[in-house]
Each structure stands twice: as C-alpha cells, then as structure tokens.
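Worksheet: the structure to be examined is printed underneath.
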Amino acid sequence: DDSVVKSYKISNIKPSDAITKLAEFYKAPAVPPKLIANDLTNTVSAVARPVEVQYLDTIMAIVDSPVPQVMIEIKLIELSEQASKSLGVSYSFGQRQFGGNFNNTGAPAAVSPGAPVSPTGSLALSFESLRNFTSNFNAQLNALVQNSKARILSSPRIATQNGKVATFQSTETAPIVQSTQTAAGLTQTVGQLAIGETISVTPVLIDPVTGYVTVNLEPTISSRGKDVIVNGNPVPETLTRAVKTTMKVKSGEAIVIGGLNRKNNTNASNRIPLLGDIPFIGALFGANSWADSTSELIIMVTPYILDETGNNPTRMEATTESSVN
1 DDSVVKSYKI
11 SNIKPSDAIT
21 KLAEFYKAPA
31 VPPKLIANDL
41 TNTVSAVARP
51 VEVQYLDTIM
61 AIVDSPVPQV
71 MIEIKLIELS
81 EQASKSLGVS
91 YSFGQRQFGG
101 NFNNTGAPAA
111 VSPGAPVSPT
121 GSLALSFESL
131 RNFTSNFNAQ
141 LNALVQNSKA
151 RILSSPRIAT
161 QNGKVATFQS
171 TETAPIVQST
181 QTAAGLTQTV
191 GQLAIGETIS
201 VTPVLIDPVT
211 GYVTVNLEPT
221 ISSRGKDVIV
231 NGNPVPETLT
241 RAVKTTMKVK
251 SGEAIVIGGL
261 NRKNNTNASN
271 RIPLLGDIPF
281 IGALFGANSW
291 ADSTSELIIM
301 VTPYILDETG
311 NNPTRMEATT
321 ESSVN
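Residue numbers (our numbering): 1 to 325.
This is the structure:
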C-alpha cells in the first residue's frame, strides 16, 4: 500500500462540514479516500494514494474558499400620520420618482384577545432604489425626526454569511394571566406575551463581482391594544402583521417596506390635585380616558457586501463621496 497521510488546514468552514462537501465530488462507484476531521485544530487529514492527493488539493481549495459575507443595516422608523402623508406613497424626492405601490390583498384580520393574528393579505411597499435614494431618504427622515414627526426606534447592524439567517428582535414582554380548566378545578398561571418587532434577513445569493445581493425578508410586527376581560382576567388585545418578500438589490442600496400601520391606545389619567389622591373617593375627582392614534412603521434594510477582510467597500465609498461633496 503506497498510501500517504496529508493534513489540510481549514480556514473558512468546519472540518466536519468540509468532509461532507468533499464527498459530493465523488460520483459512484468512486469512493473518497479516508478523511478525518479535527474541529479542535481546524484540520482535515487524508489517507490516500499520491494521485488521489493531487485531486484532493484541487477540490479542497474549492471547498475551503471564503464564504461571501454581508452586513445588514436595519432601520425601524415610526412615522406620525401627518409625516406619513408628507413622505407620500411614492416616496419621491426632488425630480426622482421611485415606482412602487401599496399592495393590499385580502380582508383585514380580526383582533383576538391575547392571541396574535396575521391578516389574510399583506400591505407592503417595496422597490429597487438607486444609491442616492438612501441619502435623500435619510435627509428627509432627519428633518422629520427633528420636528418630532418621526422617530427611529432602532438602527442595528448585523453581519452574516451567505445563506445564514440574521435575526433582529426588539420586543417587550407583558405578563398575562392564563386560566386552564382541569378536573381538579380552575388553574391560573402567569404567562408572557412578546410584543414588538422581529425581523429575519437571509442573504440567499451574494455576488461580489456584480455587487448584487438577493435577500429574503420576513418582518413581523405586533402591537398591544386595550385589555379585555376573559374569565375575569385582563388580557391584552394584540395585532400581528407579517410580510414575506424577496428582493435583489445592489450593495449599499435600500429596501423599504412600508404600510405597516400601528394603532396605539394611550390611557390618560386626569385628577384634581390632592383631592384625586384621597383613598376610596379619589376616583370621584378624576377621570381616565383612552386616546387612539395611528402611526406607520417603515422598515429600511440596506445590505453591504463585505470583502475578505471584513471591510465594507461600498459604505466606505459612499462616505468618501459625501465628504468630498
């Protein structure tokens, strides 16, 4: 037996995953040589004949090639009803018009106490934009924020690899009392209801040559309404809206999903000073009122392709252009 042993240092994937991919290069009845993975040392050892080692050298370089990476920049923007109208459905700025219309299919969902529901259709605005749209949109957005007509709820950045899911979650938990009828009687437990925003972004195709990125977007928005009484316990009404979309954009360009309306219920308490604080009878000198307001939530997603060093040439280029101009 003229077999030799050769070890390969793995840099971009797990050695065990490398062996799985190596097996795909051997078609029956061909059998791959004996391969041993060591995830602790990031190596794959092969016991093979010299001619097989030459073939392994070639396919190992393919298997261990760098996996394209992308940085996802997400902005959650809440607009007042007035600000939403000022931006307009077309989101046009200056002389540039960005096509795209609201698509509202199906009937609106009913609201069930304590149980999030999704509408039968989706209400979303999405379009492929040009790079200067991002700067124009940010300029318009900053003006609205300064005038208290809009607010940026969060603006995280997440780096992920091609085909890997990146998830951003901004939620708060509300305690709810859950009643369960058993043979022994009524049992009550305290559960947690998550309310807020969850966004899953999956780059399914990253092409560093052309600079285009295809991403799957799955934002889910839930909001809390008034409490209703169920079996003697207050249970919050919740409304959940979910959108699924796949977009192909160039690195540094924005994807915008809009039309996610939120209805906010605010409880205001007005009391007469001192008299309203008197135990038992203080309620006679005050009043509680609910105020309804509507706002629009806009999700702005901008992918940036990262190079092998983890830098972002597109973002650096845009920053340089801004500083020069």
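Just so it is clear, CB atoms sit at the ideal spot from N, CA and C, and this is done for glycine as well.
By Cβ distance below 6 Å, which residues in the same chain neighbour residue i in space, the five residues on each side in sequence not counted?
{"i": "residue 18", "result": "10, 44, 63"}
{"i": "residue 250", "result": "211, 212"}
{"i": "residue 319", "result": "Note that residue 319 has pLDDT 44, beneath the 50 cutoff, so the model's placement of it is unreliable and no number is given."}
{"i": "residue 53", "result": "6"}
{"i": "residue 8", "result": "44, 60"}
Report all residues from its chain with a CB closer than 7 Å to the CB of residue i; omit the five preceding and five following residues, and keep chain order.
{"i": "residue 25", "result": "59"}
{"i": "residue 186", "result": "179"}
{"i": "residue 14", "result": "39"}
{"i": "residue 32", "result": "22, 23, 26"}
Please work out which residues of its chain come closer than 8 Å, Cβ to Cβ, to residue i, disregarding the five sequence neighbours upstream and downstream, and give them in chain order.
{"i": "residue 2", "result": "49, 50"}
{"i": "residue 162", "result": "67, 68, 69, 70, 203, 204, 205, 206"}
{"i": "residue 188", "result": "177, 178, 179, 180, 233"}
{"i": "residue 190", "result": "175, 176, 177, 178"}
{"i": "residue 150", "result": "77, 78, 79, 80, 83, 141, 144"}
{"i": "residue 16", "result": "37, 39"}
Using only the alpha-carbon positions, how far apart do residue i and residue j sit?
{"i": "residue 301", "j": "residue 211", "result": "16 Å"}
{"i": "residue 35", "j": "residue 202", "result": "32 Å"}
{"i": "residue 167", "j": "residue 173", "result": "18 Å"}
{"i": "residue 233", "j": "residue 72", "result": "42 Å"}
{"i": "residue 177", "j": "residue 200", "result": "29 Å"}
{"i": "residue 118", "j": "residue 240", "result": "Confidence at residue 118 is low in this model, with a pLDDT of 38, below 50, so its placement is unreliable and no value can be given for it."}
{"i": "residue 247", "j": "residue 299", "result": "14 Å"}
{"i": "residue 182", "j": "residue 235", "result": "20 Å"}
{"i": "residue 145", "j": "residue 139", "result": "10 Å"}
{"i": "residue 195", "j": "residue 254", "result": "26 Å"}
{"i": "residue 243", "j": "residue 184", "result": "43 Å"}
{"i": "residue 303", "j": "residue 165", "result": "13 Å"}
{"i": "residue 257", "j": "residue 193", "result": "25 Å"}
{"i": "residue 170", "j": "residue 197", "result": "5 Å"}
{"i": "residue 41", "j": "residue 47", "result": "18 Å"}
{"i": "residue 37", "j": "residue 305", "result": "31 Å"}
{"i": "residue 219", "j": "residue 28", "result": "44 Å"}
{"i": "residue 221", "j": "residue 57", "result": "49 Å"}
{"i": "residue 230", "j": "residue 215", "result": "42 Å"}
{"i": "residue 55", "j": "residue 30", "result": "13 Å"}
{"i": "residue 159", "j": "residue 4", "result": "40 Å"}
{"i": "residue 252", "j": "residue 20", "result": "34 Å"}
{"i": "residue 245", "j": "residue 217", "result": "5 Å"}
Would you grab the beta carbon distance between residue i and residue j for me? Rounded to a whole angstrom, and I think it's under 8 Å.
{"i": "residue 66", "j": "residue 12", "result": "5 Å"}
Should residue i be listed as close to the ligand NAP, given that the test is whether its C-beta is under 7 Å from any heavy atom?
{"i": "residue 3", "result": "As presented, the structure is devoid of all ligands, the ligand NAP included, so that no description of it is given."}
(message) Any contact between the region 146-163 and the region 68-77? By contact I mean 3 or more CB pairs, one from each, below 8 Å.
(response) yes
(request) Pick out the complete alpha helix (DSSP H) segments inside the region 9-52, 4 residues or longer, and give them in chain order. (result) 15-23
(message) Could you tell me which whole beta strand (DSSP E) segments of length 3 or greater appear in the region 167-216?
(response) 185-207
(request) List in chain order: all unbroken beta strand (DSSP E) runs of 3+ residues lying wholly within the region 59-86. (result) 69-80
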